[in-house]
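Numbering (our numbering), first residue to last: 8 to 585. See below for the structure under consideration.
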Amino acid sequence: MQNLIFDSLKLFTFLDHGMLVCSEHGQIIWANRYAMHSFNCQENELQQKNIRLFFPGIRLPLEQAIASETVTLAPCNLNNQKMSCTLQPITMQDRKTSWLLCFKEHETESTSSQSGSPEQDIALQMKSIIDSSSDGIWVCNGQGVVVIVNKASQILNGVKAEKILGRRVDTLVAERVFDQSVTTKVLQSGKQESILQHVKKTGRKLLCTATPVRDSQGEIFLIVVNERDLTELESLKLQCEHSKQLTERYKEEIREIQQQKSEKKRIIAESPAMQNTLTRAGKLATLGATNILILGDSGTGKGLLASTIHEHSAHREKPFIEINCAALPESLLEAELFGYERGAFTGASRKGKAGLVELAEGGTLFLDEIGDMPLGLQAKLLKYLDNGEFRRLGGTRAIQVQCSVISATNQQLSQLAAQGKFREDLFYRLNSFTLEIPPLRKRREDIPALLSHYLKIYNLRYGRDAQISWETMRILQQYNFPGNVRELKNIVKNGVVFSDEPTIDQCLLSLMQPSQKIYQTQEPHSDVVSLNMQEAVEYTERQVLIRSRTMCRTTREMAVMLGISQPSVVRKLKKHNL
8 MQNLIFDSLK
18 LFTFLDHGML
28 VCSEHGQIIW
38 ANRYAMHSFN
48 CQENELQQKN
58 IRLFFPGIRL
68 PLEQAIASET
78 VTLAPCNLNN
88 QKMSCTLQPI
98 TMQDRKTSWL
108 LCFKEHETES
118 TSSQSGSPEQ
128 DIALQMKSII
138 DSSSDGIWVC
148 NGQGVVVIVN
158 KASQILNGVK
168 AEKILGRRVD
178 TLVAERVFDQ
188 SVTTKVLQSG
198 KQESILQHVK
208 KTGRKLLCTA
218 TPVRDSQGEI
228 FLIVVNERDL
238 TELESLKLQC
248 EHSKQLTERY
258 KEEIREIQQQ
268 KSEKKRIIAE
278 SPAMQNTLTR
288 AGKLATLGAT
298 NILILGDSGT
308 GKGLLASTIH
318 EHSAHREKPF
328 IEINCAALPE
338 SLLEAELFGY
348 ERGAFTGASR
358 KGKAGLVELA
368 EGGTLFLDEI
378 GDMPLGLQAK
388 LLKYLDNGEF
398 RRLGGTRAIQ
408 VQCSVISATN
418 QQLSQLAAQG
428 KFREDLFYRL
438 NSFTLEIPPL
448 RKRREDIPAL
458 LSHYLKIYNL
468 RYGRDAQISW
478 ETMRILQQYN
488 FPGNVRELKN
498 IVKNGVVFSD
508 EPTIDQCLLS
518 LMQPSQKIYQ
528 TQEPHSDVVS
538 LNMQEAVEYT
548 ERQVLIRSRT
558 MCRTTREMAV
568 MLGISQPSVV
578 RKLKKHNL
């Protein structure tokens, strides 16, 4: 038999009273833990056994109670202990359905006078348990009449128990106490139902779940409603969504910062030669190659390429350590590169010092200007490259360090090796993979993009909005730039800082070395002055296209130089039959 006792009274499993539910003929249906312990058996062992087997002394009172349908209190012995028992019929719809037997150790007269009967104690404990629940709990009978409502539900719904107990839920809905009732749904469907209810009076959102309880005939005689407050969950959800939005905004800001950072470090590669170098560098970074030698004139960006390889490698999170081999004398260079022990030389730190090789553990060590490394130090570097071991200056202990090594030089190491100025074995050890950056004069296609790139950077840094005309950009594209990208950056930087004009052409042109200018502007055609405005514009446009076509190999390069789209270049070439 399933009813509120069998479903809901499982809450009372751990009471300090014995509780049994039996059929009208005495077969045990349910027992709490106290009862099972008293009988020294499990619940499944008790089920369907007759209560008289455990309470021999209750045979006559039970028969009298069954016959008379009255509550009977009968002291009895159980396991040599005197028990106070209460036998009470459970009646639904004027029909007796089962019996509830409550028992506990018999109390003395003085003690019993201070406490209530077992059923009173159980009722008090049941009420305390229901009221202590943070969820709202309703119990309605089979006709939808409210019989129990706990304190939490009164708070959640903003109602008083005395106002709703004994009333039908459909009447409460009609009076707008609630906008809808899950109990009504259960009465209609005969199964468990759930609704999301918004209580206007308290402003709370409740998840209401109603479960029908059936009697032995399968009829619904109780409906237990559980109300879960979702208001806090909704608030937490909104907070989480807000936090998520903030996180996304912060991520976007970080991406912008990283993009700006990478924009400053971005390698411009419009020319095929530079694109080929970047492609090879990307492959080496992906494969985690080491002992890479970067060749190129001074100012071409060898350090930037080394940093790019590191940032695209698997150990990008590890350190990128750079040292210029031409900037320090041999004694200091060795100490900086490999570190030293305490007292290794006069002025050395008392604690000693780790070298840059140690600091590059797991990352990348970039040796710039490797061609200027002293011969004595080259031998120590070669030994480290061979077995990954070295000793600090003044030390005796071998130190193991694993890192990727990238070196760079603007000198011909093969010639230095032939002259005895560079160790040949070190040369072959360093150039397992060689990358060459062509000078800017051999990749003129990159010049317009480089000018635009650094103009944007320095405008942002110095709060300017300076511009470069296409004519000046064309002249600069024909300039040899002996200082390569470094010189181009300095020219643009000086133009942005020192020019007071919106267009910084004159300042840029004044910074060019006359001996390196290979392009001279031509005088306008003498007949232009005799043309009308439209004809002059057409003539000038044609001359610009002719000049740009002689300097560029593709229409895409022409578009970059002229500052227009590639389809526009194609259209204008067709227009002028070029």
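From the three backbone atoms N, C-alpha and C, an ideal C-beta is built for every residue, glycine too.
Classify residue 484: buried if its beta carbon has 16 or more other beta carbons within 10 angstroms, exposed otherwise.
Around the CB of residue 484, 16 or more other CB atoms lie within 10 Å, so the residue is classed as buried.
For residue 441, does the three-state DSSP call read helix, strand or coil?
If DSSP states are grouped into helix, strand and coil, residue 441 belongs with the strands.
| request: Quick one: give me the first and last residue of the beta strand (DSSP E) that residue 204 is part of. | output: Per DSSP, residue 204 belongs to the beta strand (DSSP E) from 200-206.
Does DSSP put residue 410 in a helix, in a strand, or in coil? In this structure, DSSP gives residue 410 a state outside helix and strand, which the three-state scheme calls coil.
query = Are the beta-carbon atoms belonging to residue 342 and residue 312 less than 8 Å from one another?
reply = With a cutoff of 8 Å on beta-carbon distance, residue 342 and residue 312 are scored as not near each other.
Assigned secondary structure, residue 111 (DSSP; H/G/I helix, E/B strand, else coil): Annotated three-state conformation of residue 111 is strand, per DSSP.
Per the contact definition of three or more C-beta pairs closer than 8 Å, is the stretch 421-432 in contact with the stretch 465-474?
Between the stretch 465-474 and the stretch 421-432 there are fewer than three C-beta pairs closer than 8 Å, too few to call the two in contact.
Reduced DSSP secondary structure (H/G/I, E/B, other) of residue 511:
In the structure shown, residue 511 sits in coil (DSSP, three-state: anything other than H, G, I, E or B).
- prompt: Would you report the Cα separation of residue 116 and residue 92, rounded to the nearest angstrom?
  reply: Only weak support is given to the placement of residue 116: the predicted model assigns it a pLDDT of 47, under 50, and the value that follows is read from those uncertain coordinates. The alpha-carbon separation between residue 116 and residue 92 amounts to approximately 15 Å.
Check your understanding: For the beta strand (DSSP E) that residue 307 lies in, which residues bound it at each end?
Key -> Careful: residue 307 lies outside any beta strand (DSSP E) and carries neither H nor E.
Can you give the Cα-Cα distance for residue 172 and residue 162, rounded to whole angstroms?
Cα to Cα, residue 172 sits roughly 15 Å from residue 162.
* **6 Å CB neighbourhood of residue 119 in its chain, flanking five on each side removed** => The pLDDT assigned to residue 119 is 44, lower than 50, so where the model puts this residue is not dependable, and the model offers no usable value.
Per DSSP, cross-strand counterpart(s) of residue 216
Note: residue 216 sits in a beta bridge opposite 201, 233.
**Study point:** Start and end residues, alpha helix (DSSP H) containing residue 46
**Key:** 40-46 is the span of the alpha helix (DSSP H), which, as asked, contains residue 46.
Return yes when the Cβ of residue 213 is within less than 8 Å of the Cβ of residue 204, no when it is not.
-> It is a contact, given that the beta carbons lie within the stated cut-off.
DSSP puts residue 374 in a beta bridge; with which residues?
As DSSP reads the structure, residue 374 sits in a beta bridge with 330, 414.
(message) So, under 8 Å CB-CB, residue 472 and residue 281 are touching, yes? Tell me the CB distance rounded to an integer number of Å.
(response) Not quite, the Cβ-Cβ distance comes to about 29 Å (not below 8 Å), so this is no contact.
Taking the beta strand (DSSP E) that residue 26 falls in, what are its first and last residues? Counted as a single uninterrupted DSSP element, the beta strand (DSSP E) harbouring residue 26 occupies residues 25-30.
Original post:
So what does residue 465 bridge to, in DSSP terms?
Top reply: Answer is none; residue 465 lacks a bridge partner.
- Item | residue 310 to residue 248 span [Cα, whole Å] | Spanning the two alpha carbons is a distance of roughly 44 Å.
Going by beta-carbon coordinates alone, are residue 576 and residue 569 separated by less than 8 Å?
Pairing residue 576 with residue 569 gives a Cβ-Cβ distance under 8 Å.
Buried or exposed, going by whether 16 or more other CB atoms sit within 10 Å of the CB of residue 90? Looking at its Cβ environment, which holds 16 or more other Cβ atoms inside 10 Å, residue 90 is buried.
Practice prompt. Could you spell out where the alpha helix (DSSP H) holding residue 148 opens and where it closes?
Written response: Looking at the DSSP string, residue 148 is not in any alpha helix (DSSP H); the run it does join, the beta strand (DSSP E), is 143-148.
Q: Just mark residue 170 as buried or exposed, buried being the case when its beta carbon has 16 or more other beta carbons within 10 Å.
A: In summary, residue 170 is exposed, with fewer than 16 beta-carbon neighbours lying within 10 Å of its beta-carbon over all protein chains present.
Of the listed residues 442, 294, 520, 516, nearest to residue 476 (C-alpha basis): Per the Cα distances, 516.
- Message: Taking 8 Å as the threshold (beta carbon to beta carbon), is residue 464 in contact with chain B?
- Response: Structure shown: chain B not included; a single protein chain is present.
Touch test, the stretch 318-325 against the stretch 383-395, Cβ-Cβ under 8 Å, three pairs minimum | Contact fails: fewer than three Cβ-Cβ distances are below 8 Å.
Exposed or buried, residue 432, counting other C-beta atoms within 10 Å across all chains shown (16 or more means buried)?
Exposed.
If the criterion is Cβ atoms closer than 8 Å, does the pair residue 377 and residue 410 meet it? When the beta-carbon positions are compared, residue 377 and residue 410 stay at least 8 Å from each other.
Decide if the stretch 220-238 is in contact with the stretch 250-259; the criterion is three or more beta carbon pairs, one per stretch, under 8 Å apart.
-> Because the criterion of three Cβ pairs below 8 Å is not met, the stretch 220-238 and the stretch 250-259 do not touch.
TODO: Inspect the CB distances between the stretch 441-457 and the stretch 551-570 and report whether three or more fall short of 8 Å.
DONE: As far as the Cβ criterion goes, the stretch 441-457 touches the stretch 551-570, which means the pair count is three or higher.
- prompt: Going by the beta-carbon positions, is the gap between residue 190 and residue 217 smaller than 8 Å?
  reply: Here residue 190 is near residue 217, since their CB atoms are less than 8 Å apart.
Beta-ladder partner(s) of residue 397, from DSSP
According to DSSP, which records beta bridges pairwise, residue 397 is partnered with 406.
**Asked** Among the residues of its own chain, which have a CB less than 8 Å from the CB of residue 196, if the five just before and after it don't count?
**Response** A distance below 8 Å between beta-carbons, with the five flanking residues on each side excluded, links residue 196 to no residue of its chain.
Near residue 157, what residues of its chain come up, given a Cβ to Cβ distance below 7 Å and the 5 sequence neighbours on each side ignored? Counting only Cβ-Cβ distances below 7 Å, and skipping sequence neighbours, we find 137, 138, 140, 143, 144.
| request: Figure out for me which residue from 284, 443, 277, 337 has the closest Cα to the Cα of residue 566. | output: The shortest C-alpha separation from residue 566 is found at 277.
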